[in-house]
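Numbering (my numbering), first residue to last: 6 to 708.
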Amino acid sequence: MSNFQYLHPAIQHHIVNALGWRDLRPFQDDLIPSIVQGEHHIILAPTAGGKTEAALFPLLTRMANEDWSGLSVLYICPLRALLNNLHERVEQYSGFIGREAGVWHGDTKVSKKNEMLRNPPSVMLTTPESLEGILISPNKDHRAFLSGVQAIVIDEIHSFAGDDRGWHLLFVMNRIREVAGREMQRLGLSATVGNPEDLMKWLTVGCAGTQRIYLPEPAKALGNADVTLDYVGSIDNAATVISRLHRGQKRLVFIDSRSKAEQLGNELRELDVDAFVTHGSLSREQRLLSEKAFAERSNCVIVATGVLELGIDIGSLDKVIQIEAPNDVAGFLQRMGRTGRRAGTTRNYLFLATKLPSMARAAALIELWRSGYVEPALAPASPLHIAAQQMLALSLQCNGSPATDLIHHSEEIISYSGIEEGKMSDLLNWMIEEEIVFSDQGVISMGRAGDDEYGRRNFIDLVSVFCTPPLFTIRHGRQDVGYVDPMTFAQKREPPWYILLAGRSWKVNHIDWRRKVAFVEPAQASGRSRWYGLGPHLGYELCQSYKAILTQDFRRDWWSQRVVDQMLEMRMDHAWLKQDGSTLTLGDENRVEWWTFGGTQGNATLSAALNQQMGVDIKSDGLKISIDLSKSLTEVEEAIKALKNTNFNVVRPAISDRAIDGLKFSKCLPHDMATQVLEDRLRNAKVAKRIAAQPVSVVTGHS
């Protein structure tokens, strides 16, 4: 029997008459009773599967039935663009019961925000950072504005849960709960997550209400997805292949490098392809221009980094192409989910590898996906820096807060995060000593150093928990084109400089070094821009799948003949690798190489343990550990065998000063605490122990 009858009559009427739907999707219908009853939910369904409607129709029913007043529902997304895309739809649904929906983020005009403060919408689409700004702003009555909140919807919850923004979101929700004086219903929406039970525990820390995980049957279309792997050898060749494939169709090309996105976009335009580029270092105006132009056309290509991984509306897509490979199955699923949304179409994904390691990684990723594996969304360990940020934020929100309140605020979240008892007191005392906060008879307020760092013009830094590196602004006339790394202009060459940005070349006419602004004009000469980031973080399961690709003799129907040929050569080059356990051998550059395929964290943990034993230079990546040849192969082998008795839980991976500088709010932590945060995040004792227990094969020579 259908649950449609439990929706408010006005919503039933408009679903049929305004939307023209004959019925709801089965999972949407299944969820109605439990959401109407106020239960907390994790809702997992494919991209474009109707999760927004599944959450909102029952919540709006509650709103009408229970006569909620004021701002009642917060709809939280990770991206402003996603909020903008959803606004019109959410506004329409809210109107079914005579309510309004508003959007509040960094691009919302002040006049519009003031209007919402005077006349709160029933539903507000927003970000955690905007909510933080409302809570701590002296110009906003956050109690009057937020006291009516009854429910919170978190879209793309996996993107929060696996990041510091998730810890920040939990703290902010807890503070809103204290303002509202009630436990708010929490609904988390996602298409891709491998650990829904853990995600539910994370979402409902400190909550007492009934919890429910909804996981519908996997879509058949996903299992029948058209996934192909090809090897093309270079970006130039990739551009040629893309220009000839799927002509007349809309193609979204993912590439996980801003520099290469610009290069590929330029190459495609030279091949007379209607191509656009979008990434996080373009100005908002440039991104909107690219995305809007792409959405309105049919025979075109948009080259994007991960900014289009989430559900931003760029129109109906025909094909998704990936240059190289994403670093996890979850990202792959999000990207593939952009296709196959029209009736009668199939989800599809074409990998174009330009390098052999990328080809092998893509093959490994496909194997994991076909086995049904999806990475868990795990909250980062030891969020001490977020706890420090919360102390500052609470002192501002309350205009001075008793020290005991700061130490014990959100105790359930602090305990869940694994922060040791007593750490909060130690942290607060250090912040007082450093004048980050000021104590007046036990009442804590912003201190001199804290005000210098986060007051006045730097206020925005306090509400955001992610770091933005210092970049040069590229300006054409009065319009900002985007942002590039200062290293773009550090090369020793005579001006003029030519740079590549927003898919076209620009001549640099003048550089204002003090303001970090470069003034440009369009140019025909080819240019190049630079951005620098960390290397890929590879998980243990992906690296083990990579190992199987190299050490097992199989071929797949979804491999092109070029991949089959290159894989044969790659396997021959790695024929010395052993299928079982790990392999120790002499590598390049006078180093011993231990091929563990342990992933970034596992190998970092093993490297730290070896360094404690041997005291030599050791480097690692996701596949191997490289050890200075000042030690013989036999000595290294003995040291590896001794790892079986190591307590990896106390091993301290090497942390650079640069990494500490990149940790947001690290200035609010003593050096040892900042180091601990990063050590705890880099350490993977479980994987290290597993690898240390495996047999080690020693190969004395290979070509």
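Each residue gets a CB set at the ideal place from its N, CA and C atoms; glycine is no exception. Owing to the predicted nature of the structure, the values given are computational and were not obtained by experimental measurement.
Discussion item. On the CB-based measure, 16 or more other CB atoms within 10 Å of its CB, does W518 come out buried or exposed?
Written reply: The residue is exposed, with fewer than 16 neighbouring Cβ atoms inside 10 Å.
Item to complete: Taking 7 angstroms as the cut-off, decide whether the C-beta atoms of V334 and V379 are in contact.
Response: Cβ distance < 7 angstroms, so V334 and V379 count as in contact.
Worksheet item: Apart from the five residues just before and just after S422, which ones in its own chain have a Cβ nearer than 6 angstroms to its Cβ?
Response: Cβ within range, chain order: P388.
Fill in: Cβ-based neighbour list, E188, same chain, cut-off 8 angstroms, excluding 5 preceding and 5 following
Cβ within range, chain order: R182, C212, A213, G214.
Worksheet item: If you check the beta carbons only, do Q617 and L687 fall under 7 angstroms apart?
Response: Not closer than 7 angstroms, so no.
Discussion item. Run through the DSSP bridge pairs and tell me what Y354 is partnered with.
Written reply: For Y354, DSSP records a beta bridge to V232.
Fill in: Helix, strand or coil at I141 [DSSP, three-state]
In the structure shown, I141 sits in a helix (DSSP, three-state: H, G or I).
Discussion item. Using the Cβ count rule (16 or more neighbours within 10 Å means buried), how would you classify A679?
Written reply: Result: buried.
Worksheet item: Helix, strand or coil: which one does DSSP assign to R483?
Response: DSSP places R483 in the coil class of the three-state scheme, outside both helix and strand.
Worksheet item: From Q155 to W73, what distance separates their C-alpha atoms?
Response: Near 8 angstroms, if we compare the C-alpha coordinates of W73 and Q155.
Worksheet item: With C-beta atoms as the reference, is I610 less than 7 angstroms away from S587?
Response: Here residue 610 turns out to be Thr, not Ile, going by the sequence shown. Inclusion of T610 and S587 in the CB contact set at 7 angstroms is not warranted, their separation being larger than that value.
Discussion item. Using a Cβ-Cβ cutoff of less than 6 angstroms, which residues in the same chain neighbour V78 once the five nearest sequence positions on both sides are dropped?
Written reply: For V78, the CB contacts under 6 angstroms within the same chain, skipping 5 residues up- and downstream, are L64, V128, A156 in chain order.
Fill in: Best match in D34, K114, L151, M178 for proximity to P133 [C-alpha to C-alpha]
Closest in C-alpha terms to P133, from the list D34, K114, L151, M178, comes M178.
Worksheet item: Whole alpha helix (DSSP H) runs in the stretch 27-53 with 4 or more residues, listed along the chain?
Response: Within the stretch 27-53, the complete alpha helix (DSSP H) runs of at least 4 residues fall at 31-41.
Worksheet item: Rounded to a whole number of angstroms, what is the C-alpha to C-alpha distance between D28 and I20?
Response: Going by the C-alpha atoms only, they are around 8 angstroms apart.
Practice prompt. Express the C-alpha separation of H92 and A523 in angstroms, rounding to a whole number.
Written response: Cα to Cα, the separation comes out at about 35 angstroms.
Item to complete: Over the uninterrupted beta strand (DSSP E) stretch that includes C305, give me the two end residues.
Response: Segment 305-309, the beta strand (DSSP E) holding C305.
Worksheet item: Can a CB atom of chain C be found closer than 7 angstroms to the CB of N353?
Response: Annotation note: the requested chain C is absent from the structure, which comprises a single protein chain.
Worksheet entry | Burial state of R5, where buried means 16 or more other Cβ atoms lie within 10 Å | Residue numbering for the chain in the displayed model covers 6 to 708; residue 5 lies beyond these limits and cannot be assessed.
Worksheet item: Which residues mark the beginning and the end of the beta strand (DSSP E) in which P14 is found?
Response: It is not in any beta strand (DSSP E) - P14 instead sits in the alpha helix (DSSP H) that spans 14-22.
Worksheet entry | CA-to-CA distance, Y80 to V198, given in whole angstroms | Rounded to the nearest angstrom, the two C-alpha atoms are 20 angstroms apart.
Worksheet item: How would you label N271, buried or exposed, when you count the other beta carbons within 10 angstroms and need 16 or more for buried?
Response: So N271 ends up on the buried side.
Worksheet item: Taking C-beta to C-beta, are V115 and L88 nearer than 7 angstroms?
Response: For V115 and L88, no; Cβs fall outside 7 angstroms.
Worksheet entry | For Q584, the three-state DSSP class (helix, strand or coil) | The answer is coil: DSSP assigns Q584 none of H, G, I, E or B.
Worksheet item: What residue range is occupied by the uninterrupted beta strand (DSSP E) comprising N514?
Response: Unbroken beta strand (DSSP E) run through N514: 509-517.
Worksheet entry | Ordered list of alpha helix (DSSP H) runs contained in the stretch 82-155, each at least 4 residues | With a minimum length of 4 residues, the continuous alpha helix (DSSP H) runs that stay inside the stretch 82-155 are 85-100, 115-123, 133-141, 147-151.
Worksheet item: Cα separation between M715 and S702?
Response: Past the edges of the chain, shown from 6 to 708, lies residue 715, and the structure says nothing about it.
Discussion item. On the criterion of 16 or more Cβ atoms from any shown chain inside 10 Å, does F559 qualify as buried, or is it exposed?
Written reply: The residue is exposed, with fewer than 16 neighbouring Cβ atoms inside 10 Å.
Worksheet item: When DSSP labels each residue in this structure, what does V258 get in the three-state scheme?
Response: Looking at V258 - three-state DSSP - the assignment turns out to be strand.
Worksheet item: Which residue from G167, A266, M575 puts its Cα closest to that of G336?
Response: Of the candidates G167, A266, M575, the one whose C-alpha sits nearest the C-alpha of G336 is G167.
Worksheet item: Are the Cβ atoms of A369 and H163 separated by less than 7 angstroms?
Response: Not closer than 7 angstroms, so no.
Discussion item. Runs of 3 residues minimum, wholly inside the stretch 568-656: which ones carry the beta strand (DSSP E) assignment?
Written reply: Counting only runs of at least 3 residues, the stretch 568-656 fully encloses the following beta strand (DSSP E) elements, listed from N- to C-terminal order: 587-591, 596-600, 623-625, 629-633.
Item to complete: For G285, write down the residues that DSSP places opposite it in a beta bridge.
Response: Paired residues: none, contrary to the question.
Worksheet entry | Whole-angstrom distance between S142 and A393, CA atom to CA atom | Straight-line Cα distance between these residues: approximately 18 angstroms.
Worksheet entry | Length of the line joining the Cα atoms of A693 and N22 | One alpha carbon belongs to A693, the other to N22, and they sit about 59 angstroms apart.
Worksheet item: Of all the options L476, M619, K649, which has the alpha carbon lying nearest to the alpha carbon of L638?
Response: Taking only the C-alpha atoms, the option nearest L638 is M619.
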